[in-house]
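Participant: Line by line, the protein sequences are chains A and B.
Under our numbering, the first residue of the first sequence carries the number 19, and numbering increases by one thereafter.
Under our numbering, the first residue of the second sequence carries the number -19, and numbering increases by one thereafter.
First the structure, which I've put down as structure tokens, then a few questions once you've had a look.
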Amino acid sequence: MSAPSTGKPAPRLPLERPRKLYTLANPRKSLSLTIVTGLFALYCIVPMLWLVINATKSQQDFVSSFGLGFGGHFALWDNVAQVFTFQDGIFSRWLLNTVLYVVIGAVVSTFLAALGGYALAKHDFVGRRAFLLIVLGSISVPGIALAIPQFLLFAQLGITNTPWAVLIPSFINPFGLYLMWVFSDQAVPTGLIEAARIDGAGELRIFLRIAFPLLAPATVTVLLFSFVSIWNNYFLPLIMLKDPAWYPLTIGINQWNKLGSTAGNGELIQNLVITGSLLMIIPLIVAFLSLQRYWQSGLSMGAIKD
Amino acid sequence: MSRQLLTQRTSVSDVVADHQTFRKPKRRNVGLAFIAPFSVLFLFVFIVPIGYSAYISMFQNKLIGGKVFIWFDNYIKLFQDSQFYDGVIRVVLFTAIQVPIMLFSAIALALAIDSLRLHGSRFFRIIVFLPYAIPAIVSTLMWGFMLGIRYGLIGSLNKAAGTSFNPFAPETTMISIGVMVTWGFTGYNMLIFYAALRAVPRELYEAAAIDGATEFQIVRHIKLPALRSSLIVTIIFSIIGTFQLFNEPNILTTLVSNSGITSYYTPNMYAYSLAFTGSQQGYAAALALVMAVFTIAIAYAVQIKGMKNAFNK
């Protein structure tokens, strides 16, 4: 597998250290390539550093000190406390709303995608191909083409300005269905399903007990990406919700930002906007870092099939 | 994980291969039942709204008389609307410049990481991907503050150097938005390319090395062709994304002043302002539908072109 290809057995001088063998599987590291890649990594990380640094500044320091330097005194904990108490602690309410939308939305959409994707891969029924084509086509429909009529329909049903208006659209994840279909096709052996049928297991039981556990890597991937897209959703809640009590964090933080920038008469609370932003992204970063193994393998499944 | 599953699959299907002859007697209804919950909701949040959109696009809200049926007048008006063209041209130009830069960077990064020649490649893979997890609202706030001349780094640099460079002047705002979007999505695309590269059998590289191929030749003749289908997918998704540009300019309007961002800066912003501040929902629906058809047509063209190239090879 890893046959040496570049290292030559050179005649060794007595004092020379044994030379490392460079192989295809373990080539020589390149410093210049690392530096070039490092420049791009710097572009990726500087804004996040900026956010962390500025979350530790008081409002006065934020306005007066250099962007990537620390301020006069370390105000991170003051800022965090203020974020949770400003406007009667509405930030906690927004956080709870976001968690509500994310948990229900991600769980329901992932389960529906798994059920549907499995059915498409392992069951034959009328209109299967047409269904798949329509769902895949729907991925390229711009969000706004849906959002305006969704808003008008929901308004007629009287569910705008309620959590349902944000939840119901998030239950459908066409790309998740696609990923689940691809994954079911590859990871659930048809023979296993047949064997369970012969043993007399019902179809729903076969799905829940046999197929669903085998779909775990894809499930974690779809769950995580729904988590991110719902957590980060801005446009849908922006048009659906008027009552600040139902806002998710994205809309709430922008509301605070507007408050600060209504020139002159507004109270400047950029320190709270920045600290709130930092608090908002921590759960996402933790989720991505801790679930790496799953989503990386899940994502590659989708990429290879294409 | 996936490899484990695949090996499991072969062994299990060997064992039960005999049962293959028993295949599906009358289980068609089960498949339909499994797909039903998704389908019903899909109908409710995708198909019905699109149909409804087409319906209201033929109406106009009049101050006196309420909704009036006007056939295709909204579409005719749209194709003569210079504000609509202003937005369309802006996002098309943005797409034509930003998408190639982003995808080229993503491919270069994927190749660099896959070459195994980086110190700390795992670290790079994660760092470059991480911006994808940051919501548009936070990334726009960060970049808006950082690039802004009032509180930001650019302000400090201007003060130090005595210059007056403004990233959010009307001529440069779009470039700044490009910097934000590229920041957010390069890592995601990089991971897709990286996954495709990892799927290339390593034996191919060994065989090429034995035949005396240089690293450059391996990239040119093995790795880049392996990226073709992922490239088509990423181009399509990027086009869909940039045509819908909304969050960044919408949030920037409250963050920086005199940035040149108008209510019709992008087609999505125009549709939004028509529908929700101008209460011209019929006109907004017509605009959104035209953009949807335009987007799907471009995505389809990219796919056809990509497949044709694959056949010619």
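From the three backbone atoms N, C-alpha and C, an ideal C-beta is built for every residue, glycine too.
Model, not experiment: these values are computed from the prediction.
So what's T41 of chain A in DSSP terms, helix, strand or just coil?
Facilitator: The residue you call residue 41 of chain A lines up with position 23 of the first sequence. If DSSP states are grouped into helix, strand and coil, T41 of chain A belongs with the strands.
Participant: Please say whether I166 of chain A and A34 of chain B have beta carbons closer to each other than 7 Å?
Facilitator: As a first step, residue 34 of chain B is located in the second sequence; it is residue number 54 there, counting from the start. As a first step, residue 166 of chain A is located in the first sequence; it is residue number 148 there, counting from the start. No, the Cβ-Cβ distance between A34 of chain B and I166 of chain A is not below 7 Å.
Participant: Does the distance from the C-beta atom of L127 of chain B to that of P147 of chain B stay below 7 Å?
Facilitator: Locating residue 127 of chain B in the second sequence gives position 147, where the first residue counts as 1. Locating residue 147 of chain B in the second sequence gives position 167, where the first residue counts as 1. In this structure, P147 of chain B lies closer than 7 Å to L127 of chain B by Cβ.
Participant: Nearest by alpha-carbon distance to P235 of chain A: which of A:E212, A:L256, A:W199 is it?
Facilitator: Within the first sequence, the letter at position 217 stands for residue 235 of chain A. If we check each option's Cα against that of P235 of chain A, A:W199 comes out closest.
Participant: Measure the CB-CB distance between N191 of chain A and L259 of chain A and report whether it falls below 7 Å.
Facilitator: Your numbering for residue 191 of chain A matches position 173 in the first sequence. Your numbering for residue 259 of chain A matches position 241 in the first sequence. Against a cut-off of 7 Å, the Cβ pair of L259 of chain A and N191 of chain A comes out as no contact.
Participant: Unbroken alpha helix (DSSP H) runs of length 4 or more, entirely within the stretch 76 to 151 of chain A: which are they?
Facilitator: Counting only runs of 4 or more, we get 77 to 82, 94 to 140.
Participant: Quick check: the stretch 46 to 66 of chain A against the stretch 90 to 104 of chain B, are at least 3 beta-carbon pairs closer than 8 Å?
Facilitator: Segments in contact, yes.
Participant: Check whether the Cβ of N289 of chain A lies closer than 7 Å to any Cβ atom in chain E.
Facilitator: As a matter of chain content, chain E is missing from the structure shown, whose protein chains are A and B.
Participant: Could you give the first and the last residue of the continuous beta strand (DSSP E) run that contains F24 of chain B?
Facilitator: Residue mapping note: residue 24 of chain B aligns to position 44 of the second sequence, counting from 1. No beta strand (DSSP E) holds F24 of chain B; DSSP gives it neither H nor E.
Participant: According to the Cβ coordinates, are F109 of chain A and V117 of chain A closer than 7 Å?
Facilitator: As a working note, residue 109 of chain A is residue 91 in the first sequence. As a working note, residue 117 of chain A is residue 99 in the first sequence. Their beta carbons are not under 7 Å apart, which means F109 of chain A does not touch V117 of chain A by this criterion.
Participant: Three-state secondary structure (DSSP) at G46 of chain B?
Facilitator: Counting from 1 along the second sequence, the entry for residue 46 of chain B is found at position 66. It is a strand residue.
Participant: Taking 7 Å as the CB-CB cut-off, is G121 of chain A touching chain B?
Facilitator: Walking along the first sequence from the start, residue 121 of chain A turns up at place 103. Residue 121 of chain A is actually Val in this sequence, not Gly. Answer no: the Cβ-Cβ gap between V121 of chain A and chain B never drops below 7 Å.
Participant: Please classify P111 of chain B as buried or exposed, where buried requires at least 16 other C-beta atoms within 10 Å of its C-beta.
Facilitator: Along the second sequence, one-based indexing puts residue 111 of chain B at 131. With 16 or more Cβ atoms within 10 Å of its Cβ, P111 of chain B is classed as buried.
Participant: Give a yes or no on contact between the stretch 151 to 171 of chain B and the stretch 192 to 208 of chain B, applying the rule of three or more CB pairs nearer than 8 Å.
Facilitator: Touching, no.
Participant: Can you tell me whether M170 of chain B is buried or exposed? The criterion is at least 16 other CB atoms within 10 Å of its CB, across all chains shown.
Facilitator: Taking the first residue of the second sequence as position 1, residue 170 of chain B is located at position 190. The residue in question, M170 of chain B, is buried, as its Cβ has 16 or more Cβ neighbours within 10 Å.
Participant: List, from N- to C-terminal side, the alpha helix (DSSP H) runs of 4 residues or more that fit wholly inside the stretch 197 to 274 of chain B.
Facilitator: Whole alpha helix (DSSP H) segments, 4+ residues: 208 to 223, 227 to 235, 247 to 256.
Participant: Tell me which same chain residues have a C-beta within less than 7 Å of the C-beta of L302 of chain A, skipping the five on either side of it?
Facilitator: Residue mapping note: residue 302 of chain A aligns to position 284 of the first sequence, counting from 1. Result list for L302 of chain A: V246, W249, in chain order.
Participant: Using a C-beta cutoff of 7 Å, does Y40 of chain A count as contacting chain B?
Facilitator: Here residue 40 of chain A is taken as the residue at index 22 of the first sequence, counted from 1. With 7 Å as the cut-off, Y40 of chain A does not count as an interface residue toward chain B.
Participant: Would the stretch 266 to 280 of chain B and the stretch 170 to 181 of chain B be scored as touching if the rule is three or more Cβ pairs under 8 Å?
Facilitator: Segments in contact, no.
Participant: Could you name the residues of chain B that Y252 of chain A contacts, counting a contact when the two beta carbons are closer than 9 Å?
Facilitator: Within the first sequence, residue 252 of chain A is the residue found at index 234, counting from 1. Under the 9 Å cutoff, chain B gives P115, A116, I117, F226, N227, N230, I231.
Participant: Going by C-alpha to C-alpha distance, which of A:I53, A:F129, A:G161, A:I152 sits closest to A229 of chain A?
Facilitator: Numbered from 1 along the first sequence, position 211 holds the residue referred to as residue 229 of chain A. Per the Cα distances, A:F129.
Participant: So, under 8 Å CB-CB, T257 of chain B and P229 of chain B are touching, yes? Tell me the CB distance rounded to an integer number of Å.
Facilitator: Within the second sequence, residue 257 of chain B is the residue found at index 277, counting from 1. Within the second sequence, residue 229 of chain B is the residue found at index 249, counting from 1. Not a contact, Cβ separation roughly 15 Å.
Participant: Restricting to Cα atoms, I'd like to know which of B:P17, B:T275, B:F274, B:M38 is closest to N54 of chain B.
Facilitator: If you number the second sequence from 1, residue 54 of chain B lands on position 74. Selected option, being the one with the closest Cα: B:M38.
Participant: Examine the Cβ distances between the stretch 214 to 225 of chain A and the stretch 147 to 164 of chain A and report whether three or more of them are shorter than 8 Å.
Facilitator: No, they do not touch.
Participant: To the nearest angstrom, how far is it from the Cα of A124 of chain A to the Cα of L232 of chain A?
Facilitator: The count along the first sequence starts at 1 and reaches residue 124 of chain A at position 106. The count along the first sequence starts at 1 and reaches residue 232 of chain A at position 214. Rounded to whole angstroms, A124 of chain A to L232 of chain A spans 19 Å at the Cα level.
Participant: Report the option in A:F253, A:L286, A:H141, A:N97 whose CA atom is closest to the CA atom of L297 of chain A.
Facilitator: Start at 1 with the first residue of the first sequence, and residue 297 of chain A comes out as number 279. Ranking A:F253, A:L286, A:H141, A:N97 by Cα distance to L297 of chain A puts A:N97 first.
Participant: From what residue to what residue does the alpha helix (DSSP H) around S188 of chain A run?
Facilitator: Taking the first residue of the first sequence as 1, we reach residue 188 of chain A at position 170. Residues 181 to 188.
Participant: Straight-line CA distance for P181 of chain B to A187 of chain B?
Facilitator: In the second sequence, counting from the first residue as 1, residue 181 of chain B sits at position 201. In the second sequence, counting from the first residue as 1, residue 187 of chain B sits at position 207. If you take the alpha carbons of P181 of chain B and A187 of chain B, they lie about 11 Å apart.
Participant: Just list the alpha helix (DSSP H) runs in the stretch 262 to 308 of chain A, keeping only unbroken ones of 4 residues or longer that don't cross its boundaries, in chain order.
Facilitator: For the stretch 262 to 308 of chain A, whole alpha helix (DSSP H) runs of length 4 or above, ordered along the chain, are 267 to 279, 288 to 308.
Participant: Under 7 Å, do Q303 of chain B and Y244 of chain B count as touching if we go by C-beta distance?
Facilitator: No answer is possible for residue 303 of chain B: it lies beyond the span of chain B, which begins at -19 and ends at 293.
Participant: Assess contact between the stretch 194 to 211 of chain A and the stretch 37 to 52 of chain B, defined as three or more Cβ pairs (one per stretch) separated by less than 8 Å. Is contact present?
Facilitator: The stretch 194 to 211 of chain A vs the stretch 37 to 52 of chain B: no contact.
Participant: Going by DSSP, name the residue or residues bridged to N9 of chain B.
Facilitator: Taking the second sequence and counting its residues from 1, one reaches residue 9 of chain B at position 29. DSSP lists no partner for N9 of chain B.
Participant: Given 8 Å as the limit, is there contact between the stretch 137 to 146 of chain A and the stretch 21 to 34 of chain B, that is, 3 or more CB pairs closer than that?
Facilitator: Contact between the stretch 137 to 146 of chain A and the stretch 21 to 34 of chain B is absent, because fewer than three Cβ pairs lie under 8 Å.
Participant: Please report how far the alpha carbon of F223 of chain B lies from the alpha carbon of E212 of chain A, in whole angstroms.
Facilitator: In the second sequence, counting from the first residue as 1, residue 223 of chain B sits at position 243. In the first sequence, counting from the first residue as 1, residue 212 of chain A sits at position 194. Approximately 46 Å, taken between the alpha carbons.
Participant: In three-state terms, what does DSSP make of K4 of chain B?
Facilitator: Sequence index remark: in the second sequence, residue 4 of chain B carries index 24 (1-based). Note on K4 of chain B: pLDDT 47, under 50, position unreliable in the model; the coordinate value appears next. Of the three classes helix, strand and coil, the one that applies to K4 of chain B here is coil, per DSSP.
Participant: Please tell me whether A219 of chain A has its Cβ less than 7 Å away from any Cβ of chain B.
Facilitator: Residue numbering aside, residue 219 of chain A sits at position 201 when the first sequence is read from its first letter. Not an interface residue.
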